[in-house]
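Asker:
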Amino acid sequence: MKPFRRAATPAVAGELKDARIIARGLEFPEGPVAMSDGSVILGEIKGGAITRIDPDGTVERIASCIGGPSGLALGPDGAMYVCASGWSPDGNIGGRIDRLDLKTGTVDVLYDGFEGRRLSAPNDIVFDQHGGFYFTDYGAVTPTNHERGALYYASIDGSSMVKLRDAHFGPVGIGFPNGIGITPDGQNLLYVETFTARLFSSRIVAPGVLDAEQSVDDSFLFGANGVEWFDGLDVDAAGNVCVATLRSGCITVVAHDGSAASLVGLPEEVWEPLPTNLCFGGQDKSTVFVTLSASGTLLEAPWPVIGAARPASSA
Numbered sequence: 001m002k003p004f005r006r007a008a009t010p011a012v013a014g015e016l017k018d019a020r021i022i023a024r025g026l027e028f029p030e031g032p033v034a035m036s037d038g039s040v041i042l043g044e045i046k047g048g049a050i051t052r053i054d055p056d057g058t059v060e061r062i063a064s065c066i067g068g069p070s071g072l073a074l075g076p077d078g079a080m081y082v083c084a085s086g087w088s089p090d091g092n093i094g095g096r097i098d099r100l101d102l103k104t105g106t107v108d109v110l111y112d113g114f115e116g117r118r119l120s121a122p123n124d125i126v127f128d129q130h131g132g133f134y135f136t137d138y139g140a141v142t143p144t145n146h147e148r149g150a151l152y153y154a155s156i157d158g159s160s161m162v163k164l165r166d167a168h169f170g171p172v173g174i175g176f177p178n179g180i181g182i183t184p185d186g187q188n189l190l191y192v193e194t195f196t197a198r199l200f201s202s203r204i205v206a207p208g209v210l211d212a213e214q215s216v217d218d219s220f221l222f223g224a225n226g227v228e229w230f231d232g233l234d235v236d237a238a239g240n241v242c243v244a245t246l247r248s249g250c251i252t253v254v255a256h257d258g259s260a261a262s263l264v265g266l267p268e269e270v271w272e273p274l275p276t277n278l279c280f281g282g283q284d285k286s287t288v289f290v291t292l293s294a295s296g297t298l299l300e301a302p303w304p305v306i307g308a309a310r311p312a313s314s315a
């Protein structure tokens with residue numbers, strides 16, 4: 001019998017150096033996207049807004065987005081695609097995928113349901129080289145119930161969406177799927193489960209289709225030690241998967257093959273337990289931007305490995 005893969009024991013790699021806060025007063029920021037002009041666009045879940053932050057720290061709310069904007073991704077048409085998580089002060093109102101025209105500020109609903117059922121709590125999103133996008137649905141949570149999570153693939157024109165039939169998780173479904181990404185070669189879909197703090201890498205055989213022959217052991221890349229929660233992620237040019245890690249307040253960096261992992265902490269002066277997401281940007285994509293949601297801030301710091309290039313079809 002083939003032995004199960006064991007997760008690598010992460011090494012402590014110190015903390016982010018030369019980090020600085022570039023924006024404050026954000027209402028639970030999430031889903032940062034680094035733009036070519038040096039700005040960062042993100043969602044404010046509790047603020048119900050899509051917000052642009054310029055390099056000098058100027059904050060501009062460029063669009064309203066009811067229902068907790070979480071993950072964002074820039075599409076091949078230059079529009080911003082938004083996971084509206086369904087969050088409201090009174091409970092989940094149903095999730096959506098919205099399209100934001102960055103030139104006009106117009107927000108249109110692209111998808112709000114699948115096979116007659118509403119989307120529950122879309123969380124994070126990534127485009128592939130074919131111009132479509134994958135997204136996670138976290139599953140709405142109430143005091144007495146949790147809807148099953150799911151992975152989806154959809155077209156940008158609103159005409160087609162499929163639910164990924166991932167046999168790994170059986171009848172219970174994937175547990176609280178959160179951050180999502182694609183390897184630099186476009187061959188594997190990366191995604192995490194929040195509360196198990198597990199990272200998976202599933203082979204893509206066609207747009208929106210995962211390899212049904214791949215075992216769960218083969219797709220498992222890394223699992224955190226102790227009580228950690230995984231949130232958003234990004235990938236660097238070396239294929240390392242960098243995961244915002246809740247509770248410990250760090251970035252977990254996992255080698256492309258899962259053979260090694262390290263922990264990069266937030267600086268003591270800005271430490272908090274809720275670094276919710278991150279992205280690479282700046283000159284040569286050598287800067288990491290991290291949303292710190294407990295304090296409502298956006299942090300930037302140099303990163304030793306440049307971020308991976310976007311798929312060729314993306315803007």
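Residue numbers for the sequence shown follow UniProt numbering, so the first one is 1 and each next one is one higher.
Even glycine gets a Cβ: it sits at the ideal position worked out from N, Cα and C.
Keep in mind the model is a prediction, meaning the values are calculated, not measured.
Can you tell me whether Val-270 is helix, strand or coil according to DSSP?
Answerer: Helix, per DSSP.
Asker: By how many angstroms is the C-alpha of Asp-284 removed from the C-alpha of Gly-307?
Answerer: Straight-line Cα distance between these residues: approximately 8 Å.
Asker: Compare the C-alpha of His-256 against each of Gln-187, Tyr-111, Ser-286 and Ala-154 and name the closest.
Answerer: When each option's Cα is compared against that of His-256, the closest is Gln-187.
Asker: Can you tell me where the beta strand (DSSP E) holding Val-253 begins and where it ends?
Answerer: Here the beta strand (DSSP E) through Val-253 covers 250-254.
Asker: For Val-141 and Pro-89, what's the separation of their Cα atoms in angstroms?
Answerer: Cα-Cα distance, rounded: 13 Å.
Asker: Mind reading off the beta-carbon distance from Gly-179 to Thr-196? Whole number of angstroms is fine, and I expect it under 8 Å.
Answerer: That belief does not hold up - the Cβ atoms of Gly-179 and Thr-196 are roughly 13 Å apart, past 8 Å.
Asker: How big is the Cα-Cα spacing for Trp-229 and Leu-246?
Answerer: C-alpha separation (whole angstroms): 5 Å.
Asker: Looking at the C-beta of Val-126, does it have a partner C-beta in chain D at a distance below 8 Å?
Answerer: As a matter of chain content, chain D is missing from the structure shown, which is built from one protein chain.
Asker: For Val-305, which residues from the same chain have a beta carbon less than 7 Å from its beta carbon, with the 5 sequence-adjacent residues on both sides left out?
Answerer: Taken in chain order, the residues that qualify are Asp-236, Ala-237, Ala-238 and Asn-240.
Asker: Please classify Gly-71 as buried or exposed, where buried requires at least 16 neighbouring CB atoms within 10 angstroms.
Answerer: Buried, since its Cβ has 16 or more Cβ neighbours within 10 Å.
Asker: Can you check the region 95-141 for any alpha helix (DSSP H) of at least 4 residues that lies completely inside it and give the ranges in chain order?
Answerer: With a minimum length of 4 residues, no continuous alpha helix (DSSP H) run stays inside the region 95-141.
Asker: Tell me, which residues are paired with Ala-150 by DSSP?
Answerer: BP columns for Ala-150 point to Asp-137.
Asker: Exposed or buried, Ala-49, counting other C-beta atoms within 10 Å across all chains shown (16 or more means buried)?
Answerer: Buried, by the Cβ-count rule.
Asker: Return the first residue and the last residue of the beta strand (DSSP E) that Asp-234 is part of.
Answerer: Residues 229-235.
Asker: Have a look at the DSSP bridge pairing and note the partners of Gly-307.
Answerer: For Gly-307, which the question treats as bridged, DSSP gives the partners Asp-236.
Asker: Taking the alpha helix (DSSP H) that Ser-219 belongs to, which residues open and close that run?
Answerer: Where Ser-219 is concerned, the enclosing alpha helix (DSSP H) stretches over 216-219.
Asker: When you compare the CB positions of Asn-145 and Thr-136, do they come within less than 8 Å of one another, or not?
Answerer: Against a cut-off of 8 Å, the Cβ pair of Thr-136 and Asn-145 comes out as no contact.
Asker: What did DSSP end up calling Lys-163 once you bin it into helix, strand or coil?
Answerer: Lys-163 falls in the strand class under three-state DSSP.
Asker: Near Ile-66, what residues of its chain come up, given a Cβ to Cβ distance below 6 Å and the 5 sequence neighbours on each side ignored?
Answerer: These residues qualify, in order along the chain: Gly-48.
Asker: Once the 5 residues before and after Ile-204 are set aside, which same chain residues still bring their CB inside 7 Å of it?
Answerer: Excluding positions up to five away in sequence, the list reads Gln-187, Asn-188, Leu-189 and Leu-210.
Asker: Classify Thr-104 as buried or exposed, calling it buried when 16 or more other Cβ atoms lie within 10 Å of its own Cβ.
Answerer: So Thr-104 counts as exposed.
Asker: What does the Cβ neighbour count give for Ser-201, buried or exposed, with the cut at 16 atoms within 10 Å?
Answerer: Buried, by the Cβ-count rule.
Asker: With distance defined between alpha-carbon atoms, name the residue in Leu-26, Glu-30 and Ser-85 nearest to Glu-60.
Answerer: For the residues Leu-26, Glu-30 and Ser-85, the minimum Cα distance to Glu-60 belongs to Leu-26.
Asker: Would you check if the region 152-160 and the region 210-222 touch, i.e. whether three or more CB-CB distances between them fall below 8 Å?
Answerer: Too few Cβ pairs lie closer than 8 Å, so no.
Asker: Please report the residue range of the beta strand (DSSP E) in which Thr-287 lies.
Answerer: Element bounds for Thr-287: 287-292.
Asker: Check each candidate in Gly-296, Arg-310 and Gly-265 and name the one with the smallest Cα separation from Ala-19.
Answerer: It is Gly-265 whose Cα lies nearest to the Cα of Ala-19.
Asker: Would you please state the rounded distance, in angstroms, between the beta carbons of Ala-294 and Pro-273? I believe it to be under 8 Å.
Answerer: Indeed they touch by this definition, with Cβ atoms about 6 Å apart.
Asker: With a threshold of 8 Å on Cβ separation, who are the neighbours of Gly-249 within its own chain once the five nearest residues in sequence on each side are excluded?
Answerer: Hits under 8 Å: Gly-265, Leu-266, Trp-271, Glu-272, Pro-273, Leu-274 and Pro-275.
Asker: Roughly how many angstroms separate the alpha carbons of Glu-15 and Leu-299, rounded to a whole number?
Answerer: Roughly 13 Å separates the two Cα atoms.
Asker: Considering only the beta carbon of each residue, do Pro-10 and Ala-301 sit closer than 8 Å?
Answerer: Not in contact: Pro-10 and Ala-301 (Cβ atoms no closer than 8 Å).
Asker: Where does the unbroken beta strand (DSSP E) through Leu-16 begin, and where does it stop?
Answerer: Segment: none, Leu-16 is in no beta strand (DSSP E) and carries neither H nor E.
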